[in-house]
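Numbers 324 to 514, taken from the numbering used here, label the letters of the sequence shown in order.
Okay, structure first, notes after.
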Amino acid sequence: MQLNRLVNFHKTLGDPTRIRILSLLATGPLHGQAIAGKLGLKAPTITHHMTKLRDTGIVYQRRDKNTIYYYIDEKKLRSYSEALPNMLYQPNYDKEDDSMKMHSVVNNFIAPDGTLKHLPSQRKKKIIILKHLINGLERGKKYPEKEINEYIKKFHPDFATIRREFIINHFMYRENNIYELNPEEMWATIE
Numbered sequence: 324m325q326l327n328r329l330v331n332f333h334k335t336l337g338d339p340t341r342i343r344i345l346s347l348l349a350t351g352p353l354h355g356q357a358i359a360g361k362l363g364l365k366a367p368t369i370t371h372h373m374t375k376l377r378d379t380g381i382v383y384q385r386r387d388k389n390t391i392y393y394y395i396d397e398k399k400l401r402s403y404s405e406a407l408p409n410m411l412y413q414p415n416y417d418k419e420d421d422s423m424k425m426h427s428v429v430n431n432f433i434a435p436d437g438t439l440k441h442l443p444s445q446r447k448k449k450i451i452i453l454k455h456l457i458n459g460l461e462r463g464k465k466y467p468e469k470e471i472n473e474y475i476k477k478f479h480p481d482f483a484t485i486r487r488e489f490i491i492n493h494f495m496y497r498e499n500n501i502y503e504l505n506p507e508e509m510w511a512t513i514e
């Protein structure tokens, strides 16, 4: 499950009114007026909360003539509810899978002699390649621009583009034509 979907799910459930709405819907479908009446809220408030719940995907609606009934999507609710524990406590196969994907990207874009065939246009793949290229630089060392250019030329002749990508994606920072690696926490991520 994508991390942003999981975060949105938990943000949505972070409101007591939405929890109360879900507890009402757990007994069966209801229309907005019925929910408003049982919770002592106004219809626009219910509409606001139902929109949030629908956008997350844990509630869906069906129309019966002029009335819209709301239902819980139990399968999605269970899936989202179990996703965090599954992600936290599952075996490391996902991490290994990520490592294999990264290795595959490197193999696709780096020639056997270690040179870069071309910089990927897809952002995720570009980040993986930039991480691979930057591995040979020392943390805490200040590099003059000429030295960075020579380092990058070992991989690809277009050193200016790659140097610029290092800066744009926060792998390095530049001050007065001196380059230094940023802490890894600042680097662009593929998520």
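Glycine included, every Cβ here is placed at the ideal spot set by N, Cα and C.
Collapsing the DSSP output to three states places T438 in coil.
Taking every protein chain shown into account, the CB of I491 has fewer than 16 other CB atoms within 10 angstroms, so this residue is exposed. Contact annotation: L329 and L407 have beta-carbon atoms nearer than 8 Å. In the three-state reduction of the DSSP assignment, E503 falls in the strand class. Taking C-alpha positions only, R497 is separated from I358 by approximately 57 Å. Looking from the CA of K449, the closest CA among I433, N500 and K464 belongs to I433.
For M495, the pairing in a beta bridge is given by DSSP as L504. D436 and M410 have their alpha carbons spaced roughly 37 Å apart. When the beta-carbon positions are compared, N472 and R462 stay at least 8 Å from each other. For N505 against E468, the beta-carbon gap comes to about 17 Å, at or over 8 Å, which does not count as contact. The closest CA to that of K361, considering only L456, F489, T340 and D387, is found on T340. Shown here for R385: same chain residues with a beta carbon closer than 8 Å to its own, the five before and five after excluded, namely P352, I391, Y392 and Y394 in chain order. The Cβ atoms of T335 and L376 lie closer than 8 Å to each other. Looking at M425, G380 and H455, the one whose alpha-carbon comes closest to that of E397 is G380.
Restricting attention to beta strand (DSSP E) runs no shorter than 3 residues, the stretch 450-484 encloses none.
For T370, the closest of Y383, G355, G363 and V382 by C-alpha to C-alpha distance is G355.
I342 is classed as exposed because its beta carbon has fewer than 16 other beta carbons within 10 Å across all chains shown. Note that the C-beta distance between E488 and L439 is not below 8 Å.
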